[in-house]
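Chemist: For the sequence shown, counting from 1, position 74 maps to 74 in UniProt numbering; every step adds exactly one.
The beta-carbon is built from N, C-alpha and C at its ideal position, and this holds for glycine as well.
Just so you know, these numbers come straight off a predicted model, no measurement behind them.
Can you keep this structure in mind? I'll have questions shortly.
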Amino acid sequence: MTMNDFSALIQARHTVRDFTDAQLSEETVAQILEDTRYAPSWSNTRGYRIALATGETREKLVAAYLREFDAMAVAQKSKTAPDCDGDYDIFARYPDELRARQVEVGIGLYQHLGITREDRAGRNAQMRRNFEAFGAPVVGLVFIHRDFLPYSALDAGLMLQTLFLSASAHGIDSCPLGVLAGWRRPANEVFNVPADYALVTGFALGYGTDAPINGFRAAHPSVTLIEPK
Numbered sequence: 001m002t003m004n005d006f007s008a009l010i011q012a013r014h015t016v017r018d019f020t021d022a023q024l025s026e027e028t029v030a031q032i033l034e035d036t037r038y039a040p041s042w043s044n045t046r047g048y049r050i051a052l053a054t055g056e057t058r059e060k061l062v063a064a065y066l067r068e069f070d071a072m073a074v075a076q077k078s079k080t081a082p083d084c085d086g087d088y089d090i091f092a093r094y095p096d097e098l099r100a101r102q103v104e105v106g107i108g109l110y111q112h113l114g115i116t117r118e119d120r121a122g123r124n125a126q127m128r129r130n131f132e133a134f135g136a137p138v139v140g141l142v143f144i145h146r147d148f149l150p151y152s153a154l155d156a157g158l159m160l161q162t163l164f165l166s167a168s169a170h171g172i173d174s175c176p177l178g179v180l181a182g183w184r185r186p187a188n189e190v191f192n193v194p195a196d197y198a199l200v201t202g203f204a205l206g207y208g209t210d211a212p213i214n215g216f217r218a219a220h221p222s223v224t225l226i227e228p229k
């Protein structure tokens, strides 16, 4: 692979939000995981775990998450706080310096879909799609060691980017699913998760459709460099 090939691979990978029901072969998933183990890690500690759900396990996990979404929708309708039990508060306000980018991508996505701010039903329907992993056949959850922060989180990020790039190289699309970290119950219901590992994000793997939503592209700001004194 040349440098141009690698740059093309990185720039071609994008978040897919609608998947076909075509299954990934066990061999392909195994190859992606084999590549993923070569991600760099702090002192080679690899303080993260992955839970992968396919087949019946995937159906159980998605059903559990959809119950959480439906309960949240009822709570929001009655103007009460959702019963989140995640290890981190995913609904916390973003720092002012970063919030503009969060708002920009959110507005851009819903404008791309033609969903207005006033269309609460449309917004809820689109949000619910997150909880069913947009139909992807493989749903993953990423856990980080609670007692090794921030390094376990750093390692998990390096691992997940490696996983996504390997998936792209194998012709597989991907989507990070940070909203799944808001609820721990579904993970504990389906997997034997060690208590000292915290849920930090979810993700989806599969083959993207030609649905209009998959034409959306977020902005990619340049890396911000800190100037010397």
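Please name the residue, chosen from Ala-22, Gln-23, Ile-213, Ala-8, that lies closest to Met-127 on a Cα-to-Cα basis.
Modeler: The count along the sequence shown starts at 1 and reaches residue 127 at position 127. Taking only the C-alpha atoms, the option nearest Met-127 is Ile-213.
Chemist: Exposed or buried, Leu-149, counting other C-beta atoms within 10 Å across all chains shown (16 or more means buried)?
Modeler: Along the sequence shown, one-based indexing puts residue 149 at 149. It counts as exposed.
Chemist: Tell me where the beta strand (DSSP E) around His-145 begins and ends.
Modeler: Your numbering for residue 145 matches position 145 in the sequence shown. Looking at the DSSP string, the run of the beta strand (DSSP E) that includes His-145 is 138-145.
Chemist: Quick test of your reading: Phe-19 and Gly-135, contact by CB under 8 Å. State the CB separation rounded to the nearest angstrom.
Modeler: One-based indexing of the sequence shown puts residue 19 at position 19. One-based indexing of the sequence shown puts residue 135 at position 135. That pair is a contact at about 5 Å.
Chemist: Checking the sheet assignment: what are the DSSP bridge partners for Cys-175?
Modeler: Residue 175 sits at position 175 when you count from the first residue of the sequence shown. The partner list for Cys-175 (beta bridge, DSSP) reads Ala-204.
Chemist: Rounded to the nearest angstrom, what separates Ala-81 and His-170 at their Cα positions?
Modeler: On the sequence shown, position 81 is the one that residue 81 refers to. On the sequence shown, position 170 is the one that residue 170 refers to. About 42 Å.
Chemist: Keeping to the same chain, check which residues put their C-beta closer than 6 Å to that of Leu-109; ignore five residues upstream and five downstream.
Modeler: Sequence index remark: in the sequence shown, residue 109 carries index 109 (1-based). Correct list, in chain order: Phe-216.
Chemist: For Tyr-94, name the three-state secondary structure that DSSP assigns.
Modeler: Numbered from 1 along the sequence shown, position 94 holds the residue referred to as residue 94. Coil, per DSSP.
Chemist: Comparing alpha-carbon positions, which option in Ser-168, Pro-221, Tyr-38, Gly-157 lies nearest Phe-6?
Modeler: Here the question's residue 6 lines up with position 6 in the sequence shown. When only C-alpha atoms are compared, the closest one is Ser-168.
Chemist: Checking 8 Å against the spacing of the C-beta atoms, do Thr-162 and Leu-177 come in under that value?
Modeler: Translated into positions along the sequence shown, residue 162 becomes position 162. Translated into positions along the sequence shown, residue 177 becomes position 177. Not a contact, by the Cβ cut-off of 8 Å.
Chemist: Rounded to the nearest angstrom, what separates Gln-23 and Asp-155 at their Cα positions?
Modeler: Taking the first residue of the sequence shown as 1, we reach residue 23 at position 23. Taking the first residue of the sequence shown as 1, we reach residue 155 at position 155. Looking at the two C-alpha atoms, the distance is approximately 28 Å.
Chemist: Tell me, please, whether the segment 172-190 touches the segment 94-110 by the rule of three or more beta-carbon pairs shorter than 8 Å.
Modeler: Judged by Cβ distances under 8 Å, the segment 172-190 makes no contact with the segment 94-110, as fewer than three pairs qualify.
Chemist: Assuming Glu-132 and Val-62 make a contact with CB atoms under 8 Å, what is their CB distance in whole Å?
Modeler: As a working mapping, residue 132 is identified with position 132 in the sequence shown. As a working mapping, residue 62 is identified with position 62 in the sequence shown. Yes, Glu-132 and Val-62 are in contact; Cβ-Cβ is about 5 Å, under 8 Å.
Chemist: How close, in whole Å, do the beta carbons of Leu-199 and Asp-87 come, if the pair is a contact with beta carbons under 8 Å?
Modeler: The count along the sequence shown starts at 1 and reaches residue 199 at position 199. The count along the sequence shown starts at 1 and reaches residue 87 at position 87. So it is a contact: roughly 5 Å between Cβ atoms.
Chemist: Give the single residue among Thr-28, Phe-69, Phe-203, Glu-59 whose Cα lies nearest to the Cα of Ala-125.
Modeler: Translated into positions along the sequence shown, residue 125 becomes position 125. Closest option to Ala-125, Cα to Cα, is Phe-69.
Chemist: Taking DSSP as the reference, what is the three-state secondary structure of Tyr-65?
Modeler: As a working mapping, residue 65 is identified with position 65 in the sequence shown. Residue state, collapsed to three classes: helix.
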